[in-house]
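Each remark here refers to the structure printed beneath this line.
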Amino acid sequence: MIGFWVLAVALIASAVFCITAVKPVYSVVGLLVNFIALAAMYLTLQAEFLAVMQIVVYSGAILFLFVFVIALLSSGVRPFDVGPDKAPRIAIPAIVFAVLTLAIIAVTAIRTTRVREHATGQATGEAGVGVFGSVANFGQALFGANLLPFEITAFILMVAIVGVVLIAGDEGPGGVVRRKKRRAIEREPILRPPDQPVKKVTQ
Amino acid sequence: MSAPVDSYIGLSAVLFFIGVIGVIVRRNPLIMLMSIELLFNAANLALVAYARAWVNDDGHIFAFLVITVAAAEAAIGLAIVAVTFRSSPRVDVDEVAALKG
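Here is the structure:
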């Protein structure tokens, strides 16, 4: 019970720090604390496999991707994190809207969480099929009744990989256009007489 | 004795609220993406809490799928941010109005 409140305070504080930080790198640190606290929270809910997945996928892969992109973008002409990031005029109505959303969620949750607390789900200390929250049970559920969603997950990941390569890679359609543009810029003389018309770049 | 489900759902709602504020108020695309990750996490917490309440593994399966989709979303979002920034170095999403890359 005390653990829950400690973790809850850590989660909320790190989330607030994440969205109020000035630089994205600080936000990444706040997000890291948030993810780790959430993994501990999953452990208190007997979701062992999800706790491990939370650390591996979120703290390992996604945060690494964020840090990598920040480092990549900061290597250009100016640091990425010096943006204005002003609070726009929309801030006040946005906060009102978000409070409204929170109220709706709270009302819905209060009306629907009156479920019976089953007594059979207590941790028995042993791991195996049939024990709620154990990795064996999770694996049996994932590869048994939920095999099709799992396979569709693989498809989603493949689509994401292909899409990222197409968007950001140098070989996709956008990459070809960018390469042509770059080549044209390289061939064009930087200083030319203003009266002469620009020659067409012939391939 | 663990905390009741209501506490977890309330915490999930608060985290979702913080994430919504982050998405709407901040204009830095990276911090907006991180706020979206906060939203995913809040939803996952609710799913796992309900799974614990009903002693049913389906919530865990669903949270697992959400984690997968979050990973795909982060990868594509960051790729779009990188491409947008490469064509014009701006850090305000309000200024990025052109659809042409």
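As you go down the protein sequences, you meet chains A and B in turn.
The numbering used here puts the first residue of the first sequence at -19, with every later residue one more than the last.
The numbering used here puts the first residue of the second sequence at 6, with every later residue one more than the last.
For each residue, glycine too, the CB sits at the ideal point set by N, CA and C.
Keep in mind the model is a prediction, meaning the values are calculated, not measured.
Min CB distance residue i to chain B below 8 Å
i	result
A/PHE(-16)	yes
A/ILE(-8)	yes
A/GLU97	A caution first: A/GLU97 carries a pLDDT of 47, below 50, which makes its placement in the model too unreliable to give a value.
A/ALA116	no
A/GLY105	Confidence at A/GLY105 is low in this model, with a pLDDT of 47, below 50, so its placement is unreliable and no value can be given for it.
A/LEU82	yes
A/VAL32	no
A/ILE75	yes
A/VAL111	no
Three-way DSSP call (helix, strand, coil) for residue i in this model
i	result
A/SER114	coil
B/ASP62	coil
A/ASP61	Note on A/ASP61: pLDDT 49, under 50, position unreliable in the model; no value is reported.
B/ASN46	helix
A/ALA1	coil
B/ASN33	coil
B/GLU100	coil
B/GLY82	helix
CB contact below 8 Å: residue i versus chain A
i	result
B/ILE41	no
B/VAL71	no
B/LEU44	no
B/ALA143	Nothing in the structure corresponds to residue 143 of chain B, since chain B is present only between 6 and 106.
B/VAL101	no
B/SER12	yes
Rounded Cβ spacing between residue i and residue j (contact assumed at less than 8 Å)
i	j	result
B/ILE36	B/GLY27	7 Å
B/ILE72	A/MET33	6 Å
A/LEU25	B/VAL53	5 Å
Limits of the unbroken alpha helix (DSSP H) element including residue i
i	result
A/ILE132	127 to 148
A/GLY40	Neither: A/GLY40 is in no alpha helix (DSSP H) and is coded neither H nor E.
B/GLY15	10 to 30
A/MET(-19)	From DSSP, A/MET(-19) is part of no alpha helix (DSSP H); its letter is neither H nor E.
A/GLU28	28 to 33
Beta-carbon neighbours of residue i, restricted to chain B and to distances below 7 Å
i	result
A/VAL144	ALA80, ILE81 and ALA84
A/SER7	ILE36 and MET39
A/VAL87	By Cβ distance, chain B contributes nothing, its closest Cβ being about 10 Å from A/VAL87, past 7 Å.
A/LEU11	MET39 and GLU42
Interface residues of chain B facing residue i [CB-CB closer than 9 Å]
i	result
A/PHE46	LEU35, LEU38, MET39, GLU42, ALA79 and LEU83
A/ILE(-1)	ILE23, GLY24, ILE26, GLY27, VAL28, VAL30, ARG31, ILE36, MET39, SER40 and LEU43
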